[in-house]
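Visitor:
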Amino acid sequence: MRRRDFIAGLGGAAAWPLAARAQQAPTMPVVGYLQSGSEANVAFMAAFRKGLAEAGFVEGQNVAIEFRWLVGQEDRLPEMAAELVRRRVAVIMGNTAGALAAKAATATIPIVFISGGDPVALGLVKSLNRPGGNVTGISFQTVELLGKSLGLLREMAPQTERFAAFLNPNSVLAEANLEGLQASAANLGLSVEILHVSTIRDIDAAFANLAQKPHSALLISADPFFTGRRVQLATLAARHAIPAIYIREFVETGGLMGYGPRVQNAYELAGIYAGRFLKGEKPADLPVQQPTKFELVINLTTARAIGITVPNTLLALADEVIE
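If you count by my numbering, then the sequence shown holds residues 4 to 326, one letter each, in order.
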């Protein structure tokens, strides 16, 4: 054998196992992040990444995340869910609409949800303690909190002559939110005007409507569409001097008052659950988590700007007061 042939033969023999090892190297697992909302919710994404890291998975190091945002295009959620399934992601994380689309697309890929509705009534799980199937997650009961929020708003603005509420008619929770709000208003002896808001144009029109009538107060229900525009909504409410109540995250961007659990904590827990799925745990074995703490946050700077004197009773109840 000629020397050059021998060397070439050695090179081929040495290269083969390297190529084989490269082909057999494990691929980085992918988490599909499917949301009927806006990428403006960066704090929620950061919280989800934090939860993943607590479970031992850091984006770009040992896990990848593929984001699918469909604000205003909720009808495409089934298509995007099917795409993630074809992509063979290891886990899918979604809000209510995203999780429902994912559940319809796969019965095997683990799904973790974050929902303000009743996950049993929505068909996401069989029960809270024993979810069954491939879905579990976090439910923060925003529908049930509408009555409490409405009562707090009345206490904040006792001179209110007109109560209004923004509801997104395109939300999968629209009917539950409407029923919950109507029942709460009846219990409080109030009449609440429902304003359907699902586009930027609707937002402008709704505030123009509110501004025409003095002594109005506003409740904005928890919804991905509203949360992604919380700066705009809080700014418009302040500009028109309309006392409003939201989920607590709005207060950090200038909203007057917020009530409910920390949604960021729910996203962090969802990240932990996703990490546990990546380690091999099954959704059927992990119960649906629910918040145990609900916080009242008041922004005194906004109150002064719109001419509201916050009652001492509310200040005493507040978990946090922003000066």
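Beta carbons are placed, not taken as given, at the ideal position from N, Cα and C, and that holds for glycine. Computed from a predicted structure; not experimentally measured.
For the beta strand (DSSP E) that T139 lies in, which residues bound it at each end?
Guide: Start at 1 with the first residue of the sequence shown, and residue 139 comes out as number 136. V138 to S142 is the span of the beta strand (DSSP E), which, as asked, contains T139.
Visitor: Please name the residue in K106, G101, G120 and K216 whose C-alpha comes closest to that of F143.
Guide: Locating residue 143 in the sequence shown gives position 140, where the first residue counts as 1. Here the closest residue by C-alpha is G120.
Visitor: Under 8 angstroms, with one C-beta from each stretch per pair, do the region 288-299 and the region 65-75 reach the 3-pair mark?
Guide: no
Visitor: Are there 16 or more other CB atoms within 10 angstroms of the CB of G126, so buried, or fewer, so exposed?
Guide: Translated into positions along the sequence shown, residue 126 becomes position 123. So G126 counts as exposed.
Visitor: H3 to G192, Cα distance in whole Å?
Guide: Here the chain covers residues 4 to 326 and nothing more, so residue 3 does not appear.
Visitor: Between the C-alpha atoms of A67 and M96, what's the straight-line distance to the nearest angstrom?
Guide: Against the sequence shown, residue 67 aligns to sequence position 64. Against the sequence shown, residue 96 aligns to sequence position 93. Rounded to whole angstroms, A67 to M96 spans 13 angstroms at the Cα level.
Visitor: Give a yes or no on contact between the region 177-192 and the region 204-214, applying the rule of three or more CB pairs nearer than 8 angstroms.
Guide: no
Visitor: Which residues mark the beginning and the end of the beta strand (DSSP E) in which N98 is found?
Guide: Counting from 1 along the sequence shown, the entry for residue 98 is found at position 95. That run of the beta strand (DSSP E) goes V94 to N98.
Visitor: Tell me, which residues are paired with S224 by DSSP?
Guide: As a position in the sequence shown, residue 224 is number 221, starting the count at 1. DSSP lists no partner for S224.
Visitor: What is the C-beta distance between P227 and N98, in whole angstroms, given that I count them as a contact (C-beta under 8 angstroms)?
Guide: Within the sequence shown, residue 227 is the residue found at index 224, counting from 1. Within the sequence shown, residue 98 is the residue found at index 95, counting from 1. Indeed, because the Cβ distance is near 6 angstroms, the residues count as touching under 8 angstroms.
Visitor: Can you list, in chain order, the stretches of the beta strand (DSSP E) that have 3 or more residues and sit fully within the region 182-240?
Guide: 195-199 and 219-223
Visitor: Could you check where the beta strand (DSSP E) with Q38 kicks off and where it finishes?
Guide: Here the question's residue 38 lines up with position 35 in the sequence shown. Segment V33 to Q38, the beta strand (DSSP E) holding Q38.
Visitor: Contact criterion: CB-CB distance below 7 angstroms. Does T109 meet it with respect to chain D?
Guide: Here there is only one protein chain, and chain D is not present.
Visitor: What does the Cβ neighbour count give for A102, buried or exposed, with the cut at 16 atoms within 10 Å?
Guide: For this step, residue 102 is matched to residue 99 along the sequence shown. A102 is buried by the Cβ-count criterion.
Visitor: Please go through the region 47-75 and give each complete alpha helix (DSSP H) segment of 4 or more residues, from N-terminal end onward.
Guide: none
Visitor: So, for L320: in the same chain, excluding its five sequence neighbours on each side, which residues have a beta-carbon less than 7 angstroms away from its beta-carbon?
Guide: As a working note, residue 320 is residue 317 in the sequence shown. So the qualifying residues of the chain are L299.
Visitor: CA-CA distance, I112 and S219?
Guide: Locating residue 112 in the sequence shown gives position 109, counting from the first residue. Locating residue 219 in the sequence shown gives position 216, counting from the first residue. Each residue's Cα considered, the two are about 47 angstroms apart.
Visitor: Identify every residue that forms a DSSP beta bridge with N302.
Guide: Within the sequence shown, residue 302 is the residue found at index 299, counting from 1. Its beta-bridge partners are I325.
Visitor: Skipping 5 residues on each side, what residues in its chain have a beta carbon closer than 8 angstroms to that of I275?
Guide: Reading the sequence shown from its first residue, position 272 is the one you call residue 275. Correct list, in chain order: G54, L55, E57 and A58.
Visitor: Look up Q292 in the DSSP assignment and say whether it is helix, strand or coil.
Guide: Counting from one through the sequence shown, the residue named residue 292 turns up at place 289. Here Q292 sits in strand by DSSP.
Visitor: Which class does S152 belong to by DSSP, given the choice of helix, strand or coil?
Guide: Within the sequence shown, numbered from 1, the residue matching residue 152 stands at position 149. In the three-state reduction of the DSSP assignment, S152 falls in the helix class.
Visitor: Evaluate the contact criterion for the region 199-209 versus the region 163-174: three or more CB pairs, one atom per stretch, below 8 angstroms.
Guide: yes
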